[in-house]
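Single-structure report; data block below.
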Amino acid sequence: MSEGERDSGAPADERDEQRADEGREERSAPLSDLATGVRERESERESDGEFDDLFSEVDVGELDGEQAWRDLLAEAEGEPLAIGQQVESEEDRDVRVIENRTCHNCQYFGEPPELHCTHEGTEIRRVVDTDHYEVVDCPMVVDEEEFDLPDTE
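With this note's numbering, you'll find the sequence shown wraps up at 440, consecutive numbering, no jumps.
Here's what the structure looks like:
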């Protein structure tokens, strides 16, 4: 008895024929051409070393779960999105430094390439660092004392 016959109880030639029949059925199944194309592209990508060069791994740091909940609750209740650190200004305007994600999640954030706010009377004055913007008269930013959210515990 050959090893092939011991595995499934059928001779090796019959198993090969069964696999060929299954392959034909698979190719005649709905969307089989699409599935075959996807498999081919995946195998090309796996063997393509240039694909890996297109991306780089970046450390994004820790996620503050409490801040995420505060943001979600505030947005759902229509409250301001962030607490901003007030900046000394010569003008009689409310100038604050806020996290850039506040602007990126805001409905008034303008389309790239220009960094701007579409809310009338509000401006994104400058990029302070990679994570913060300086904004002027933003209605989505308040003092910490004004930021009254329910307890998340």
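For every residue, glycine included, the Cβ atom is placed at its ideal position computed from N, Cα and C.
Whether residue 397 touches residue 384 by CB criterion (8 Å): no
Residue 292 to residue 339 span [Cα, whole Å]: Note that residue 292 scores a pLDDT of 46, beneath 50, so its modelled location is shaky and nothing firm can be said.
Cα-Cα separation between residue 415 and residue 374, rounded to whole angstroms: 12 Å
Cβ-Cβ distance between residue 409 and residue 422 below 8 Å: yes
Identity of the residue in 411, 393 and 322 nearest residue 401 by Cα: 411
Spatially closest choice to residue 350 from 413, 407 and 388, by CA coordinates: 388
Simplified DSSP assignment, three categories, for residue 373: strand
Neighbourhood of residue 419 by C-beta, 7 Å cutoff - its chain only, sequence neighbours within 5 removed: 384, 385, 386 and 387
Closest residue to residue 395 among 327, 316 and 426 (Cα-Cα distance): 426
Identity of the residue in 417, 320 and 424 nearest residue 378 by Cα: 424
Alpha-carbon to alpha-carbon, residue 405 and residue 393: 10 Å
Residue 243, buried or exposed, once every other Cβ within 10 Å from all chains shown has been counted against 16: Outside the shown range of the chain, which is 288 to 440, sits residue 243, and nothing can be said about it.
N-terminal and C-terminal residue of the beta strand (DSSP E) that residue 419 is part of: 419-423
Backbone secondary structure at residue 390 - three-state DSSP: helix
Residues that residue 410 bridges to, as DSSP identifies them: 423
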